[in-house]
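Working notes, structure below.
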Amino acid sequence: MNNLVLLAEFGRFGGTRTYFIQLVKLYIKKDIKVTVLLRKDQLDRDILVLLKENDVEIHIRPNFKVIGQTFPGYIFLYFLEFFYWKIRFVTSKLTVVLSGVGYFEYLASLIIFNRSLFVVHSYPVGKIRYISYLSKYLINKNKYILTVSNYSKEKIVENFSIRDSSLVQVINNTCDYGGERDNKISLNKNIVTFGHLEKYKNPEYWLKVAEEVCKIDKDVSFAWFGEGSWEEIIKLKIIKGGLGKRIKLFKFVNNPREVLCDSYLYFQPSLVESFGLSVLEAMSLGIPSVVSNEGGLPELVKDNVNGLVFDNFDVSNTANTIMKIVNDEKFRNRLSSNCMEIYKNKYSPNIWEEKMFKLHQTIC
Numbered sequence: 001m002n003n004l005v006l007l008a009e010f011g012r013f014g015g016t017r018t019y020f021i022q023l024v025k026l027y028i029k030k031d032i033k034v035t036v037l038l039r040k041d042q043l044d045r046d047i048l049v050l051l052k053e054n055d056v057e058i059h060i061r062p063n064f065k066v067i068g069q070t071f072p073g074y075i076f077l078y079f080l081e082f083f084y085w086k087i088r089f090v091t092s093k094l095t096v097v098l099s100g101v102g103y104f105e106y107l108a109s110l111i112i113f114n115r116s117l118f119v120v121h122s123y124p125v126g127k128i129r130y131i132s133y134l135s136k137y138l139i140n141k142n143k144y145i146l147t148v149s150n151y152s153k154e155k156i157v158e159n160f161s162i163r164d165s166s167l168v169q170v171i172n173n174t175c176d177y178g179g180e181r182d183n184k185i186s187l188n189k190n191i192v193t194f195g196h197l198e199k200y201k202n203p204e205y206w207l208k209v210a211e212e213v214c215k216i217d218k219d220v221s222f223a224w225f226g227e228g229s230w231e232e233i234i235k236l237k238i239i240k241g242g243l244g245k246r247i248k249l250f251k252f253v254n255n256p257r258e259v260l261c262d263s264y265l266y267f268q269p270s271l272v273e274s275f276g277l278s279v280l281e282a283m284s285l286g287i288p289s290v291v292s293n294e295g296g297l298p299e300l301v302k303d304n305v306n307g308l309v310f311d312n313f314d315v316s317n318t319a320n321t322i323m324k325i326v327n328d329e330k331f332r333n334r335l336s337s338n339c340m341e342i343y344k345n346k347y348s349p350n351i352w353e354e355k356m357f358k359l360h361q362t363i364c
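Counting along the sequence shown from 1, when you hit position 74 you're at 74 in my numbering, and nothing is skipped either side.
As structure tokens, then:
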């Protein structure tokens, strides 16, 4: 297998950061030589320790975000950067893996790099000018796209105008929390959500449902762990609603497993969701979820099997859907058992590693 260059975009928290760590650990485990390209601000303590302890070569990328994102000037900078890396690493002999990067970077990579794997974590919601035109001509057997759900693949094929759908591969996410907790009903009816406090995660609807459920059952509490542009708006609405002791916002935590282990139910009302990594993390610990019928969520949560799926964004109906689990211990425990069984059989780290390694053997 050829050596790899891994160019990744991620923040201080979230699924793209987790995915980067999983990729690096896979390469280390499989003894694949990888060179990592990151911005300086991405090199926090945990990332540095992982890379340096395993002798992973690191190169610093320029931070173009500080100068704005105007097209075509912005994409021209990526052309220059990627052309530099192509000369620096002689990438005709390497495969470049791009994870979490934007569509401008993807377009530049299609033109500059000979062999690449573009990992798409969130699907396009419509045609993207230039990309949809060029992708159908430039994507080939040396330039694959990888995504995390069948729904996401459908949207990529459609909106990128890709002629050969086999060039878009699907490998579901994984998580490695491991172990099991007591899957019986929790003494504390904590309902949790993890995610960026942004419109596509639907925090305003989350709050309305939380308020409705709290009116029905005085023992239920809600917590959202995350940060984003909607944070202050939701905080003010919680204060105005007078339920601040039972509906709370928290910053992202370093160890979500601890929070999930004390949780009763996971709630994800997203408007757009390619997969739902936090839903999978909850599932691996036997925590059933209530999710919207959007994106890849219904692929992960099978209605009445390992959770419940609601079709319409109707506050009363969604609150009642949550209460079906809250009010029925036997039902909740059956969902919980199914969660762990499905996780082991379909989403475990070993299964993910096997599929990822096989794909890399194909493209490298």
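Every residue gets a Cβ at the ideal spot worked out from N, C-alpha and C, and that includes glycine.
Note that the coordinates shown come from a computational prediction; the quantities given were computed from them, not determined experimentally.
I'd like the span of the beta strand (DSSP E) that includes residue 307, first residue to last.
307-310
Determine, using beta-carbon pairs with one atom in the stretch 101-112 and one in the stretch 339-354, whether at least three such pairs fall under 8 Å.
no
Selected residue, minimal CA-CA separation from residue 249, among 228, 151, 164, 11:
228
Check whether the Cβ atoms of residue 203 and residue 230 sit closer than 8 Å, and answer yes or no.
yes
If residue 371 sits next to residue 281, beta carbons under 8 Å apart, how far is it from one beta carbon to the other, in whole angstroms?
Not covered by the structure: residue 371. The range shown for the chain is 1 to 364.
Could you check whether the stretch 52-66 touches the stretch 35-43, counting it as contact only if at least three pairs of C-beta atoms, one from each stretch, sit closer than 8 Å?
yes
Checking 8 Å against the spacing of the C-beta atoms, do residue 274 and residue 307 come in under that value?
no
Under the rule that 16 or more other beta-carbon atoms within 10 Å means buried, what is residue 113, buried or exposed?
buried
Return the chain-ordered ranges of every alpha helix (DSSP H) run that is complete within the stretch 157-224 and spans a minimum of 4 residues.
203-216
What runs of the beta strand (DSSP E), each 3 residues or longer, lie entirely inside the stretch 110-159?
116-120, 143-147
Using a Cβ distance threshold of 8 Å, determine whether the stretch 239-246 contacts the stretch 260-274, with at least three qualifying pairs required.
no
Buried or exposed for residue 116, please, with buried defined as at least 16 other CB atoms from any protein chain shown within 10 angstroms of its CB.
buried
Own chain partners of residue 182 with C-beta closer than 7 Å, once the 5 adjacent residues on each side are dropped
A caution first: residue 182 carries a pLDDT of 49, below 50, which makes its placement in the model too unreliable to give a value.
Neighbourhood of residue 167 by C-beta distance below 6 Å, restricted to the same chain and skipping five residues each side
Excluding residues up to 5 positions away in sequence, 139, 144 lie with their Cβ nearer than 6 Å to the Cβ of residue 167 in the same chain.
Where does residue 78 sit, in a helix, a strand or coil, going by DSSP?
helix
Taking the alpha helix (DSSP H) that residue 19 belongs to, which residues open and close that run?
In the DSSP assignment, residue 19 falls within the unbroken alpha helix (DSSP H) covering 15-29.
What are the boundary residues of the alpha helix (DSSP H) that residue 52 is part of?
45-53
Go ahead and pull the three-state DSSP assignment for residue 359.
DSSP places residue 359 in helix when its eight states are reduced to three.
State the CB to CB distance for the pair residue 339 and residue 2, rounded to an integer number of angstroms; the pair is presumed to be in contact (CB under 8 Å).
Not a contact, Cβ separation roughly 39 Å.
Counting Cβ pairs closer than 8 Å, one from the stretch 189-199 and one from the stretch 157-174, do we hit at least three?
no
For residue 22, count the other beta carbons within 10 Å of its own beta carbon; 16 or more makes it buried, fewer makes it exposed. Which is it?
With 16 or more other CB atoms across the displayed protein chains lying within 10 angstroms of its CB, residue 22 is buried.
Starting from residue 12, trace the alpha helix (DSSP H) both ways and give me its first and last residue.
The continuous stretches of alpha helix (DSSP H) do not include residue 12, and DSSP gives it neither H nor E.
Can you check whether the CB of residue 34 is closer than 8 Å to the CB of residue 56?
yes
Nearest neighbour of residue 38, chosen from 217, 8, 259 [CA to CA]
Ranking the options by Cα distance to residue 38, first place goes to 8.
On the three-state DSSP scale, how would you describe residue 266?
In this structure, residue 266 counts as strand in the three-state DSSP scheme.
From the DSSP output, which residues share a beta bridge with residue 60?
38
Nearest-angstrom beta carbon gap, residue 359 and residue 171 [assumed within contact, 8 Å]
7 Å
Which of the three DSSP states is assigned to residue 250 in this structure?
strand
Contact with chain D by residue 142, beta-carbon distance below 8 Å
Here chain D cannot be found, since the structure has a single protein chain.
DSSP three-state label for residue 289, please.
strand
With DSSP as the reference, please indicate the residues paired to residue 90 in a beta bridge.
DSSP, once it has assigned bridges, lists no residue as partnering residue 90.
Cβ neighbours of residue 198 in the same chain (closer than 8 Å, five flanking residues each side left out):
228, 229, 230
One question on the structure: do residue 371 and residue 148 come within less than 8 Å of each other, judged by their Cβ atoms?
The chain is shown only over 1 to 364; residue 371 falls outside these bounds and no answer can be derived.
Straight-line Cα distance separating residue 110 from residue 80:
14 Å
Do residue 118 and residue 106 have their C-beta atoms closer together than 8 Å?
yes
Taking all protein chains shown into account, do 16 or more other C-beta atoms lie within 10 angstroms of the C-beta of residue 17, making it buried, or fewer, making it exposed?
So residue 17 ends up on the buried side.
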